[in-house]
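Participant:
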Amino acid sequence: MEKLSLREQVQIFQTAYVRCIDSNMLEQWPDFFAEQCLYSVTTAENFRAGLAAGLMWANTRAMLHDRISALRHANVYERQAYRHILGQSSLIAQDDVQVQCETPFLVARIVQEDVTSLFATGVYHDVFELKGDKLLLRKRIVVCDSSRIDTLLAIPL
Amino acid sequence: MEKLSLREQVQIFQTAYVRCIDSNMLEQWPDFFAEQCLYSVTTAENFRAGLAAGLMWANTRAMLHDRISALRHANVYERQAYRHILGQSSLIAQDDVQVQCETPFLVARIVQEDVTSLFATGVYHDVFELKGDKLLLRKRIVVCDSSRIDTLLAIPL
Amino acid sequence: MEKLSLREQVQIFQTAYVRCIDSNMLEQWPDFFAEQCLYSVTTAENFRAGLAAGLMWANTRAMLHDRISALRHANVYERQAYRHILGQSSLIAQDDVQVQCETPFLVARIVQEDVTSLFATGVYHDVFELKGDKLLLRKRIVVCDSSRIDTLLAIPL
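Protein chains in written order, with my numbering: chain S, 1 to 157; chain A, 1 to 157; chain R, 1 to 157.
1. Restricting to Cα atoms, I'd like to know which of A:Lys3, A:Glu27, A:Phe32 is closest to threonine 15 of chain A.
2. Assuming contact is defined by CB atoms lying nearer than 7 Å, are arginine 83 of chain R and alanine 108 of chain R in contact in what I supplied?
3. From what residue to what residue does the alpha helix (DSSP H) around alanine 74 of chain A run?
4. Can you give the Cα-Cα distance for cysteine 101 of chain S and arginine 72 of chain A, rounded to whole angstroms?
5. Please look up how many angstroms separate the CB atoms of leucine 26 of chain S and isoleucine 92 of chain S, rounded, as I've assumed it's under 8 Å.
6. Determine, using beta carbons only, whether valine 143 of chain R and alanine 44 of chain R come nearer to each other than 7 Å.
7. Helix, strand or coil: how does DSSP classify glutamate 102 of chain A here?
8. With DSSP collapsed to three states, give me the class of isoleucine 12 of chain S.
9. Does the CB of aspartate 133 of chain R have a neighbour CB from chain A at under 7 Å?
10. Just how far apart, CA to CA, sit isoleucine 159 of chain A and alanine 74 of chain A?
11. If you drop the 5 nearest sequence neighbours on each side, which residues of the same chain put their C-beta closer than 7 Å to that of aspartate 145 of chain S?
12. Less than 7 Å between the C-beta atoms of leucine 118 of chain R and glutamate 129 of chain R, yes or no?
13. How would you list, in chain order, the residues of chain A whose beta-carbon sits under 8 Å from the beta-carbon of arginine 83 of chain S?
14. Note down, in chain order, all residues in the segment 16-44 of chain A with a beta-carbon under 9 Å from any beta-carbon belonging to chain R.
15. Cβ of methionine 56 of chain R within 7 Å of Cβ of valine 41 of chain R?
16. If the cut is a Cβ gap below 9 Å, which residues of chain S does leucine 118 of chain A touch?
17. Give the interface partners of glutamine 100 of chain R over in chain A, defined as CB-CB distance under 8 Å, in chain order.
18. So serine 90 of chain S contacts chain R; which residues on that side make the cut at Cβ distance below 9 Å?
19. If you reduce the DSSP assignment to three classes, tell me which class methionine 1 of chain R lands in.
20. State buried or exposed for glycine 87 of chain R, treating a residue as buried only when at least 16 other CB atoms are found within 10 Å of its CB.
21. Please determine, among R:Asp95, R:Gln112, R:Tyr124, the residue with the shortest C-alpha to C-alpha distance to tyrosine 17 of chain R.
22. Could you say which of A:Gln112, A:Pro30, A:Leu6 lies nearest to asparagine 59 of chain A if we only look at CA atoms?
23. Are any of the Cβ atoms in chain A nearer than 7 Å to that of glycine 50 of chain R?
24. At what residues does the alpha helix (DSSP H) containing arginine 79 of chain S begin and finish?
25. When the Cα of arginine 79 of chain A is compared with those of R:Leu4, R:Ile21, R:Ser147, which residue comes out closest?
26. From leucine 157 of chain S to leucine 51 of chain R, what does the alpha carbon distance come to, in whole angstroms?
27. Thinking C-beta only, is tyrosine 39 of chain R closer than 7 Å to arginine 138 of chain R?
28. Given a cut-off of 7 Å, decide if isoleucine 155 of chain A and isoleucine 85 of chain S are closer than it, judged by their beta-carbon atoms.
29. Could you tell me the boundaries of the beta strand (DSSP E) in which phenylalanine 33 of chain S lies?
30. Determine which residues of the segment 63-76 of chain R have a Cβ less than 7 Å from any Cβ of chain A, and write them out in chain order.
31. So histidine 94 of chain S and leucine 4 of chain S are supposed to be a Cβ contact under 8 Å. How far apart are they, rounded?
32. Taking Cβ to Cβ, would you say threonine 103 of chain S is nearer than 7 Å to isoleucine 110 of chain S?
33. Take methionine 1 of chain A and list the residues in its own chain whose beta-carbon comes closer than 6 Å to its own, dropping the five residues that flank it on each side.
34. Could you round the C-beta distance between glutamine 11 of chain S and serine 89 of chain S to whole angstroms and report it? I think they count as a contact, below 8 Å.
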């Protein structure tokens with residue numbers, strides 16, 4: 001059994017996270033988060049200005065589950081899909097119980113019978129909770145580069 | 001000499017595979033496959049429906065060589081090029097002789113004197129054959145997210 | 001403390017390099033280069049033809065600093081930003097003092113109040129100088145796939 005470095009553990013986590021979304025296994029998405037967590041989607045402009053309010057916000061895993069239920073009910077996922085391509089993660093800070101990372105992302109949006117487009121680019125600003133060899137997101141701020149992000153977006157980033 | 005994990009071996013393979021295509025070293029492309037193999041390009045819609053027929057299909061390395069010869073004869077590569085950007089590979093299953101992986105991809109198409117476009121996104125569904133420290137593709141199903149993929153595509157994905 | 005392979009060191013370097021640019025920490029960008037270095041941006045067409053002249057060229061770290069000063073003075077960065085997504089690096093050759101690599105890149109350009117576009121794709125052709133566990137770029141030729149690259153580009157790639 002290979003012994004994984006923290007860097008590798010983070011990469012494997014990020015890979016599994018985007019595979020979950022892009023494979024439409026959205027019901028499993030909240031399991032990447034700690035029960036008490038912060039998930040927020042914002043713009044680089046707001047993030048730099050220190051504005052907390054984002055396009056999307058949740059602070060418990062239960063809220064993330066509610067979000068997916070609403071999304072399934074609205075049937076949004078049937079007409080479109082995402083494809084995330086991530087860059088490597090930068091480990092910014094770490095101690096025995098948590099690690100802070102930044103990971104660049106690019107998301108393409110696939111709409112059936114339409115052309116595939118560059119939907120969003122940006123950075124995940126993450127704080128992971130370390131529990132043995134398991135990682136959980138304590139905090140994920142999805143900072144989108146553009147301010148022209150679709151505010152009706154429903155699928156998690 | 002560094003000892004590589006299976007995960008690293010797969011990453012190195014994938015990196016070499018797309019470098020081969022994007023550097024126009026297409027004659028070396030079939031060498032990434034086992035002699036008896038399956039290479040297929042299909043859409044997510046067909047893949048979910050379990051339809052075997054794809055946009056492109058081959059089941060021997062010799063067929064892959066034929067494909068490249070035809071492509072060179074048609075001179076397709078002169079006017080366009082691809083740039084693959086891959087995400088990290090997910091190891092889905094493995095035993096002593098093979099490993100099953102999924103790897104997300106994004107391909108940009110560069111046409112000289114024209115604007116670069118987002119050509120395709122999707123996932124490689126792979127089965128690798130393990131021979132010592134060498135990997136060979138026993139099976140690669142290229143599942144494109146969009147159904148609007150150019151069916152005249154000639155360059156391997 | 002984890003012991004990093006050369007491959008991992010290169011990946012960490014590349015990740016830090018693009019994070020520096022995309023986070024607008026441009027004053028730190030020259031520090032990724034050796035004092036005597038070659039930084040050049042060119043097209044695949046010119047690169048294949050062996051043409052040295054590129055869209056941008058510098059052969060000392062001091063010239064790179066000058067470039068950033070000019071850029072800050074022109075205030076270019078206020079209106080746009082880049083997002084680099086890199087593929088894995090291929091180690092082409094190495095000895096005790098240097099390593100030669102190729103790394104594919106995709107750059108999105110974010111212009112506020114406008115749509116995000118696919119700005120450039122290509123390959124970094126690098127020669128790194130090894131100094132203990134520290135890497136420095138002795139040479140980076142940024143080879144852009146398309147010949148239609150914006151020649152007024154100011155932000156480093």
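Note that the Cβ used here is the ideal one computed from N, Cα and C, for glycine as well.
Facilitator: Checking against the coordinates, here is how it stands:
1. Numbered from its first residue, the second sequence carries residue 15 of chain A at position 15. Taking only the C-alpha atoms, the option nearest threonine 15 of chain A is A:Phe32.
2. Along the third sequence, one-based indexing puts residue 83 of chain R at 83. Along the third sequence, one-based indexing puts residue 108 of chain R at 108. In this structure, alanine 108 of chain R lies closer than 7 Å to arginine 83 of chain R by Cβ.
3. For the purposes of this step, residue 74 of chain A is taken as the residue at position 74 of the second sequence. Per DSSP, alanine 74 of chain A belongs to the alpha helix (DSSP H) from 61-74.
4. Here residue 101 of chain S is taken as the residue at index 101 of the first sequence, counted from 1. Here residue 72 of chain A is taken as the residue at index 72 of the second sequence, counted from 1. Cysteine 101 of chain S and arginine 72 of chain A: Cα-Cα distance of roughly 45 Å.
5. Here residue 26 of chain S is taken as the residue at index 26 of the first sequence, counted from 1. Here residue 92 of chain S is taken as the residue at index 92 of the first sequence, counted from 1. Actually they are not in contact, since the Cβ atoms of leucine 26 of chain S and isoleucine 92 of chain S sit about 28 Å apart, beyond 8 Å.
6. Here residue 143 of chain R corresponds to residue number 143 of the third sequence, with the count starting at 1. Here residue 44 of chain R corresponds to residue number 44 of the third sequence, with the count starting at 1. Contact: yes.
7. Stepping through the second sequence from its first residue, residue 102 of chain A is reached at position 102. Three-state DSSP puts glutamate 102 of chain A in a strand.
8. To locate residue 12 of chain S, count along the first sequence from 1; it is residue 12. Here isoleucine 12 of chain S sits in helix by DSSP.
9. For the purposes of this step, residue 133 of chain R is identified with residue 133 of the third sequence, where counting begins at 1. It does not; no Cβ of chain A falls within 7 Å.
10. This structure does not reach residue 159 of chain A, given that chain A is present from 1 up to 157, and the question cannot be answered.
11. Looking up residue 145 of chain S in the first sequence gives position 145. Here the set comprises Ala44, Thr121, Gly122.
12. Position 118 of the third sequence holds residue 118 of chain R. Position 129 of the third sequence holds residue 129 of chain R. No, the pair does not count as a contact, with Cβ atoms beyond the cut-off.
13. Numbered from its first residue, the first sequence carries residue 83 of chain S at position 83. Near arginine 83 of chain S (Cβ distances below 8 Å), the residues of chain A are Pro104, Leu106, Thr121, Gly122, Asp145.
14. Ala16, Val18, Arg19, Asp22, Ser23
15. In the third sequence, the residue the question calls residue 56 of chain R occupies position 56. In the third sequence, the residue the question calls residue 41 of chain R occupies position 41. Taking 7 Å as the Cβ cut-off, methionine 56 of chain R and valine 41 of chain R qualify as a contacting pair.
16. Walking along the second sequence from the start, residue 118 of chain A turns up at place 118. Chain S residues near leucine 118 of chain A: Ala108, Val115, Thr116, Ser117, Leu118.
17. Here residue 100 of chain R refers to the residue found at position 100 of the third sequence. The contacting residues do not exist; glutamine 100 of chain R stays about 14 Å from chain A at best.
18. Stepping through the first sequence from its first residue, residue 90 of chain S is reached at position 90. Within 9 Å Cβ-Cβ: Ile12, Thr15, Ala16, Arg19.
19. In the third sequence, the residue the question calls residue 1 of chain R occupies position 1. In this prediction, methionine 1 of chain R has a pLDDT of 49, which is less than 50 and means its spatial position is unreliable; what the coordinates show is noted afterwards. Coil at methionine 1 of chain R, not helix or strand.
20. Counting from one through the third sequence, the residue named residue 87 of chain R turns up at place 87. Glycine 87 of chain R comes out buried.
21. The residue given as residue 17 of chain R occupies position 17 in the third sequence. Of the listed residues, the one whose Cα sits closest to tyrosine 17 of chain R is R:Tyr124.
22. Here residue 59 of chain A refers to the residue found at position 59 when the second sequence is read from its first residue. Here the closest residue by C-alpha is A:Pro30.
23. If you number the third sequence from 1, residue 50 of chain R lands on position 50. With 7 Å as the cut-off, glycine 50 of chain R does not count as an interface residue toward chain A.
24. For the purposes of this step, residue 79 of chain S is identified with residue 79 of the first sequence, where counting begins at 1. No alpha helix (DSSP H) holds arginine 79 of chain S; DSSP gives it neither H nor E.
25. Within the second sequence, numbered from 1, the residue matching residue 79 of chain A stands at position 79. Nearest of R:Leu4, R:Ile21, R:Ser147 to arginine 79 of chain A, Cα basis: R:Ser147.
26. Mapped onto the first sequence, residue 157 of chain S falls at position 157. Mapped onto the third sequence, residue 51 of chain R falls at position 51. Spanning the two alpha carbons is a distance of roughly 43 Å.
27. Your numbering for residue 138 of chain R matches position 138 in the third sequence. Your numbering for residue 39 of chain R matches position 39 in the third sequence. The answer is no: Cβ separation not under 7 Å.
28. Within the first sequence, the letter at position 85 stands for residue 85 of chain S. Within the second sequence, the letter at position 155 stands for residue 155 of chain A. Against a cut-off of 7 Å, the Cβ pair of isoleucine 155 of chain A and isoleucine 85 of chain S comes out as no contact.
29. Mapped onto the first sequence, residue 33 of chain S falls at position 33. 33-43 is the span of the beta strand (DSSP E), which, as asked, contains phenylalanine 33 of chain S.
30. none
31. The sequence position of residue 94 of chain S within the first sequence is 94, counting from 1. The sequence position of residue 4 of chain S within the first sequence is 4, counting from 1. Per the sequence shown, the amino acid found at residue 94 of chain S is glutamine instead of histidine. With 8 Å as the limit, glutamine 94 of chain S and leucine 4 of chain S do not qualify as a contact, their Cβ atoms being about 15 Å apart.
32. As a first step, residue 103 of chain S is located in the first sequence; it is residue number 103 there, counting from the start. As a first step, residue 110 of chain S is located in the first sequence; it is residue number 110 there, counting from the start. No, the Cβ-Cβ distance between threonine 103 of chain S and isoleucine 110 of chain S is not below 7 Å.
33. For the purposes of this step, residue 1 of chain A is identified with residue 1 of the second sequence, where counting begins at 1. For methionine 1 of chain A, the predicted structure reports a pLDDT of 49, less than 50, and the residue's modelled location is therefore unreliable. The matter cannot be settled from this model.
34. Counted from its first residue, the first sequence places residue 11 of chain S at position 11. Counted from its first residue, the first sequence places residue 89 of chain S at position 89. Contact between glutamine 11 of chain S and serine 89 of chain S holds: CB atoms are separated by about 6 Å, below the 8 Å threshold.
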